[in-house]
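Asks:
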Amino acid sequence: MVVEAMQIQSYHNMAGPLGPLGNNSHNNSNLNSNNLTDTNMDYSKIGRTVKNVLLKAQTESRVIVGLSAAIKVLSKAAEGSLFCLMAVPQDGDSATHMHEVLLEAFCYENDIYVIKVDCPIKLSRILGKTTIESCCLVQKTWTGDHNEESLNKLESLLVDYCEAYWDSPQKPIVQLPNV
């Protein structure tokens, strides 16, 4: 399916006023806004930060796109992944939903930061894909002779954001910017 601007609008209209999951995810994220204030992050900029991290990682060939590709990479070398971005699932696709739930659990078990985003169409457009993708991995950068993990400034901000919500039972859904 080709990603069109009208699809983004229809996806959000389908979700209704309470968000794509049928709950008021924006209000849930406000419950934990004190955590973000403590770490000096501006929640409204997280979507742009996610976009910029994806674009930077893509230029460095560190992005794995697609649910199947992500699962394949994680099964071989989970320690190489930094972030797993997952779009809010659409209703009616229970097989994909089960894969995503298992992938999310695997990521938490292996200390990979999971970032939930609002729309698979926006995620696909940021990644420059013509098909709709609901998931991608951002691989770590390794530097030096000792194979030490290296984070750029934007990745560090996202790590701080993820750490602020690591133990929270309700993870906020990041609003990606329109592309």
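Per the UniProt record's numbering, the very first residue in the sequence shown carries number 1; after that it's consecutive. For each residue, glycine too, the CB sits at the ideal point set by N, CA and C.
Going by DSSP, what residue range makes up the alpha helix (DSSP H) through T143?
Replies: Mapped onto the sequence shown, residue 143 falls at position 143. From DSSP, T143 is part of no alpha helix (DSSP H) but of the beta strand (DSSP E) over 141-143.
Asks: Could you check if M86 is buried or exposed, using at least 16 other CB atoms within 10 Å of its CB as the buried criterion?
Replies: Position 86 of the sequence shown, counted from the first residue, corresponds to residue 86. So M86 counts as buried.
Asks: Count the other C-beta atoms from every protein chain shown that fall within 10 angstroms of the C-beta of Q175, then say buried if there are 16 or more, exposed otherwise.
Replies: Sequence index remark: in the sequence shown, residue 175 carries index 175 (1-based). Under this definition Q175 is a buried residue.
Asks: Are L74 and L127 closer than 8 Å when you measure CB to CB?
Replies: Start at 1 with the first residue of the sequence shown, and residue 74 comes out as number 74. Start at 1 with the first residue of the sequence shown, and residue 127 comes out as number 127. It is not a contact, given that the beta carbons lie outside the stated cut-off.
Asks: When we look at the beta-carbon of G47 and count the other beta-carbons within 10 Å, is it buried (16 or more) or exposed?
Replies: The sequence position of residue 47 within the sequence shown is 47, counting from 1. When all chains shown are included, G47 counts as buried.
Asks: Distance, Cα to Cα, N28 vs Q170?
Replies: The sequence position of residue 28 within the sequence shown is 28, counting from 1. The sequence position of residue 170 within the sequence shown is 170, counting from 1. Confidence in N28 is poor, its pLDDT being 38 and thus under 50, which makes the residue's placement unreliable; the coordinate value appears in the next sentence. Taking the straight line joining both Cα atoms gives about 7 Å.
Asks: Looking at V63: is its Cβ nearer than 8 Å to the Cβ of C135?
Replies: Position 63 of the sequence shown, counting from 1, holds the residue named residue 63. Position 135 of the sequence shown, counting from 1, holds the residue named residue 135. No, the Cβ-Cβ distance between V63 and C135 is not below 8 Å.
Asks: Does the Cβ of A164 have 16 or more other Cβ atoms within 10 Å, making it buried, or fewer, making it exposed?
Replies: Taking the first residue of the sequence shown as 1, we reach residue 164 at position 164. With 16 or more Cβ atoms within 10 Å of its Cβ, A164 is classed as buried.
Asks: So the alpha helix (DSSP H) L154 belongs to, where does it begin and stop?
Replies: Residue mapping note: residue 154 aligns to position 154 of the sequence shown, counting from 1. It spans 153-165 - the alpha helix (DSSP H) in which L154 sits, taken as one unbroken run.
Asks: Using three-state DSSP, classify E133 as helix, strand or coil.
Replies: Position 133 of the sequence shown, counting from 1, holds the residue named residue 133. Note: E133 maps to coil in three-state DSSP.
Asks: Taking D123 as the reference, give the member of E155, K72, E60, I173 with the closest Cα.
Replies: Position 123 of the sequence shown, counted from the start, is the residue given in the question as residue 123. It should be noted that the sequence gives Leu, not Asp, for residue 123. Nearest option by C-alpha distance: I173.
Asks: Quick check on the burial criterion: 16 or more other C-beta atoms within 10 angstroms. Buried or exposed for E79?
Replies: For the purposes of this step, residue 79 is identified with residue 79 of the sequence shown, where counting begins at 1. Label assigned to E79: exposed.
Asks: Quick one: grab the DSSP three-state call for A15.
Replies: In the sequence shown, counting from the first residue as 1, residue 15 sits at position 15. With a pLDDT of only 47 at A15, under 50, the local geometry of the prediction cannot be trusted, and no value is derived from it.
Asks: Going by the CB atoms, is the gap between E133 and V179 shorter than 8 Å?
Replies: The residue you call residue 179 lines up with position 179 of the sequence shown. The residue you call residue 133 lines up with position 133 of the sequence shown. Cβ distance not < 8 Å, so V179 and E133 don't count as in contact.
Asks: Go ahead and pull the three-state DSSP assignment for N27.
Replies: Indexing the sequence shown from 1 puts residue 27 at position 27. Bear in mind that the predicted position of N27 carries a pLDDT of just 37, short of 50, making it unreliable; the figure below should be weighed with that in mind. Helix, per DSSP.
Asks: Starting from the N-terminal side, write out each stretch of the alpha helix (DSSP H) that is 4 residues or longer and does not extend beyond the UniProt domain "Ribosomal protein eL8/eL30/eS12/Gadd45" (49-139).
Replies: For the UniProt domain "Ribosomal protein eL8/eL30/eS12/Gadd45" (49-139), whole alpha helix (DSSP H) runs of length 4 or above, ordered along the chain, are 67-77, 94-109, 120-126.
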